[in-house]
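Read through the structure below, which is laid out as structure tokens, and then see the notes.
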Amino acid sequence: MSMVGRYARLTPAELSRAVLHPDWAREFVEERMAAEPGDGTPAPGSRLHSTGKMWHALDHLLRLRGVEVNVVHGEEEIPGAEDWGYGAPRMIRPERVRGAAGAMAAITPEGLVERFPPAELADAGICPRAGGSDPGQRLDDVAVAYQDLAAFLRTAARLRQGLLVWIG
283 MSMVGRYARL TPAELSRAVL HPDWAREFVE ERMAAEPGDG TPAPGSRLHS TGKMWHALDH
343 LLRLRGVEVN VVHGEEEIPG AEDWGYGAPR MIRPERVRGA AGAMAAITPE GLVERFPPAE
403 LADAGICPRA GGSDPGQRLD DVAVAYQDLA AFLRTAARLR QGLLVWIG
């Protein structure tokens, strides 16, 4: 089973409800996941996002670039939430989403991975590190995942939404 980074955009009211009723949050997310196309691509306007297996590399590179908001793992626990794959979901409040979107706007996808030797991902034990994969291609894949994640956060910030974040 692969570990993938997952996100759900929630309004402030939905985020508050998720904190009070974590089972509701799981149902909310599962209903939206069931409505997505079967090929893994998000439907237009989807409130869900996945970084796929790139979550680990994104976490590492965003920290190196000084992004203070933990967009990969979330910032606050959801009290009483159960495990959604590899731990319970965490949240990022709307004001912190805006901060993350602003910080990420200052970093281009190329800027995220520049000055980072491709083999360093593997040497640091950063996933994905699939055998036989070209390290340069992995960094290209990370840059694309970053671009998509930044766009998702910009949308959430524009709509004043918070996020549920989990590794599933």
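Going by the numbering used here, the first residue of the sequence shown is number 283, and it counts up by one from there.
All C-beta atoms, glycine included, are put in the ideal place defined by N, C-alpha and C.
Beta-carbon proximity of Trp366 to Gly287, cut-off 7 Å: For Trp366 and Gly287, no; Cβs fall outside 7 Å.
Excluding the five sequence neighbours on either side, which residues of its own chain have a C-beta within less than 6 Å of the C-beta of Val349, listed in chain order? Within the same chain, Val349 has close Cβ partners Ala385.
Helix, strand or coil: which one does DSSP assign to Leu292? Leu292 falls in the strand class under three-state DSSP.
Where do the N-terminal and C-terminal ends of the beta strand (DSSP E) with Asp331 fall, by residue? Note that residue 331 is His in the sequence shown here, rather than Asp. Here the beta strand (DSSP E) through His331 covers Leu330 to Gly334.
Return the chain-ordered list of same chain residues with a C-beta closer than 6 Å to the C-beta of Arg380, the five sequence neighbours on each side being excluded. Once the five neighbours on either side are set aside, the close Cβ partners of Arg380 are Ala439.
Less than 8 Å between the CB atoms is what I'm expecting for Leu343 and Val424, so what's the real figure, rounded? Yes, Leu343 and Val424 are in contact; Cβ-Cβ is about 7 Å, under 8 Å.
Ala401 to Arg299 span [Cα, whole Å]: Distance from the CA atom of Ala401 to the CA atom of Arg299, rounded to whole angstroms, is 44 Å.
Just reading off the beta strand (DSSP E) that Trp448 is part of, what are its end residues? Gly444 to Ile449 is the span of the beta strand (DSSP E), which, as asked, contains Trp448.
Going by DSSP in three states, Met373 sits in which element: helix, strand or coil? Met373 falls in the strand class under three-state DSSP.
Of the residues Val447, Thr437 and Leu403, which one's Cα is nearest the Cα of Ala339? Looking at the Cα atoms, Leu403 is the closest of the given residues.
Is the Cβ-Cβ distance between Pro371 and Trp448 less than 7 Å? Yes, the Cβ-Cβ distance between Pro371 and Trp448 is below 7 Å.
Between Arg329, Pro304, His303 and Leu302, which has its C-alpha nearest Met315's C-alpha? Ranking Arg329, Pro304, His303 and Leu302 by Cα distance to Met315 puts Arg329 first.
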